[in-house]
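Asker: Okay, here's the structure, questions in a sec.
There are 2 protein chains.
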Amino acid sequence: MIPTITAFERSPDRGKGLARDMRVRWALEEAGQPYEVRLVSFSAMKEPAHRALHPFGQIPTYEEGNLALFESGAIVLHIAEHHAGLLPDEANARARAIAWMFAAVNTVEPPILELQTAKLLEGDKPWTEQRLPLVLDRIRHRLGELSVRLGDADWLDGAFSVGDLMMIGVLLRLRASGLLDEYPNLAAYVARGEARPAYKRAFASQWAVFAGSRLPT
Amino acid sequence: MIPTITAFERSPDRGKGLARDMRVRWALEEAGQPYEVRLVSFSAMKEPAHRALHPFGQIPTYEEGNLALFESGAIVLHIAEHHAGLLPDEANARARAIAWMFAAVNTVEPPILELQTAKLLEGDKPWTEQRLPLVLDRIRHRLGELSVRLGDADWLDGAFSVGDLMMIGVLLRLRASGLLDEYPNLAAYVARGEARPAYKRAFASQWAVFAGSRLPT
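Printed below as a string of structure tokens:
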């Protein structure tokens, strides 16, 4: 059965691939799993029909037969559990790959979300100029630790896994800030992710949505 | 094999059970799995020996034979996958329980972490008094959505699962703020979690560490 995911009707990042549907698209492409996309407007996201799928009124969601899921991490893990190539076969390596997924969303992403909040929701506040350096330093703290752990390895723990997919999906959100460039091995790590054919296909699909939304109607 | 977890040698919350080892202790108690605890000082957490276990120099970690894990979400999921009672048997219900785990750590916890950061790391800044109401409102936004979804159910999706365990673990961090009391069904939900015998055993264990650390040496 071909799953259906949801994505923004009009991408707030103008097709840069930073919305969380990108992580799910990437996982589906790595898995070689065809999928359909239902685009959702900002107003429809907050209506009961969509909230039945996603209690927090966001994207992405994932529907496959009787299963409805939300949360990009959970969807990506579900895909990885049902297709080869995204989780190691060996039990301990599998558990460690899942640990990196949680590290991506619960340790590395929160300070990055704080930066987004500072810019998008508090950009006009009198304190933001003074406060931003503190927020950036908290991100640097995490990036420094991640950079040390990655060292000169290609991926976080052996072969590419969903742990890398989620971590790179999170780190990509930093590109515009320039912070990634302060950690050359992390910048190269992200670039390795972007160079994967599955990533490129996923990126092209979400870009097509954005390009289409710009067409005169 | 009895696993070993790590916890703070001196609990920064003075035994209130808000550190992330509590989630792991609770899961182990629900699973009926004995465990050992190795206490780690703040300085030892940042040293190479501990960073080999936890790249971000935090607690908890989990060691079991050749397996070493970090990230409370990953550890709790690992425990749930290897013991009965924390994940539904039915495949779709299992995937939804995992979705709630990710919702806890990636959707509900980030604004709560922002509040902690505002108080602990920016408490002395001139903007904090003016800024705190914005941070609190962002938490309220998420709590309101969660409250609507929970409704008058006991747990988030059928029987108690690791999804509830992680969500309650996250919500508990709000107790001191009084925000939970604005959502009576969420306050009752958290109280139901705390009333579970496994929670009580886990709480007592971490409390004993704090009480012991107060003894004159």
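In order, the protein sequence lines correspond to chains A and B. Taking full-length UniProt numbering, I'd label the letters of the first sequence as residues 1 to 217. Taking full-length UniProt numbering, I'd label the letters of the second sequence as residues 1 to 217. Glycine included, C-beta positions come from ideal geometry on N, C-alpha and C.
#1: Please state if the CB of methionine 166 of chain B and the CB of leucine 146 of chain B are separated by a distance shorter than 9 Å.
#2: Does any C-beta atom of chain A lie closer than 9 Å to the C-beta of glycine 158 of chain B?
#3: Measure the beta-carbon distance from threonine 4 of chain B to glutamate 63 of chain B and round it to whole angstroms, keeping in mind my assumption that it falls under 8 Å.
#4: Mind listing, in chain order, the continuous alpha helix (DSSP H) runs of no fewer than 4 residues lying wholly within the region 1 to 60 of chain B?
#5: Which residues bound the beta strand (DSSP E) around alanine 68 of chain B?
#6: Can you check whether the CB of threonine 6 of chain B is closer than 9 Å to the CB of glutamate 71 of chain A?
#7: Taking 9 Å as the threshold (C-beta atoms), are arginine 138 of chain B and glutamate 109 of chain B in contact?
#8: Given a limit of 9 Å on CB to CB distance, which residues of the region 161 to 195 of chain B reach chain A?
#9: Going by DSSP in three states, tyrosine 183 of chain B sits in which element: helix, strand or coil?
#10: Where does glutamate 122 of chain B fall in DSSP's three states?
#11: Please report the straight-line C-alpha distance between proline 55 of chain B and serine 43 of chain B, rounded to a whole angstrom.
#12: Mind reading off the beta-carbon distance from valine 24 of chain B to isoleucine 75 of chain B? Whole number of angstroms is fine, and I expect it under 8 Å.
#13: Check glutamate 63 of chain A in the structure and name its three-state DSSP category.
#14: Near leucine 143 of chain A, what residues of its chain come up, given a Cβ to Cβ distance below 7 Å and the 5 sequence neighbours on each side ignored?
#15: Say whether the region 86 to 97 of chain A touches the region 117 to 124 of chain B, bearing in mind that this needs 3 or more beta-carbon pairs closer than 8 Å, one atom from each stretch.
#16: Who are the neighbours of proline 60 of chain B on chain A, taking C-beta pairs under 7 Å?
#17: Please list, in chain order, all residues of the same chain as valine 170 of chain B whose beta carbon is under 8 Å from its beta carbon, the five residues on each side excluded.
#18: Contact defined as beta carbons within less than 8 Å: I believe isoleucine 2 of chain A pairs with tyrosine 35 of chain A. What is the distance between those atoms, to the nearest angstrom?
#19: What are the start and end residues of the alpha helix (DSSP H) that includes threonine 128 of chain A?
#20: Near serine 177 of chain B, what residues of its chain come up, given a Cβ to Cβ distance below 6 Å and the 5 sequence neighbours on each side ignored?
#21: Starting from the Cα of glutamate 30 of chain A, find the closest Cα among A/Gly193, A/Val209 and A/Ser213 and give me that residue.
#22: Give a yes or no on whether 9 Å exceeds the smallest Cβ distance from threonine 4 of chain B to chain A.
#23: When burial is assigned at 16 or more other CB atoms within 10 Å of the CB, is glutamine 130 of chain B buried or exposed?
#24: Determine the direct distance from the alpha carbon of arginine 20 of chain B to that of leucine 39 of chain B, and round the result to whole angstroms.
#25: Evaluate serine 41 of chain A with the Cβ neighbour count: other Cβ atoms within 10 Å of its Cβ, from every protein chain shown; 16 or more gives buried, anything less gives exposed.
#26: List the residues of chain B that proline 55 of chain A touches, going by C-beta distances under 8 Å, in chain order.
#27: Report the residues of the region 58 to 85 of chain B with a CB closer than 7 Å to any CB of chain A, ordered along the chain.
#28: Can you give me the C-alpha to C-alpha distance between glutamate 208 of chain A and tyrosine 189 of chain B, rounded to a whole angstrom?
Answerer: Straight from the coordinates:
#1: no
#2: no
#3: Correct: roughly 5 Å between the Cβ atoms.
#4: Listed in chain order, the alpha helix (DSSP H) runs fully inside the region 1 to 60 of chain B are 21 to 31, 42 to 45 and 48 to 53, counting runs of at least 4 residues.
#5: 67 to 70
#6: no
#7: No.
#8: none
#9: coil
#10: coil
#11: 14 Å
#12: 5 Å
#13: The answer is strand: DSSP assigns glutamate 63 of chain A an E or B state.
#14: Leu179, Tyr183 and Leu186
#15: no
#16: Those do not exist, as proline 60 of chain B stays about 12 Å from chain A at its closest Cβ, beyond 7 Å.
#17: Ala104, Val105, Val108, Glu109 and Ile112
#18: Between tyrosine 35 of chain A and isoleucine 2 of chain A the Cβ distance is about 6 Å, and since that is below 8 Å, they are a contact.
#19: 128 to 150
#20: none
#21: A/Gly193
#22: no
#23: exposed
#24: 13 Å
#25: exposed
#26: Ala103, Glu145, Leu146, Val148 and Arg149
#27: Asn66, Leu67, Leu69, Phe70, Glu71, Gly73, Ala74, Leu77 and His78
#28: A small fix is needed here, since residue 208 of chain A is alanine in this sequence, not glutamate. Approximately 43 Å, taken between the alpha carbons.
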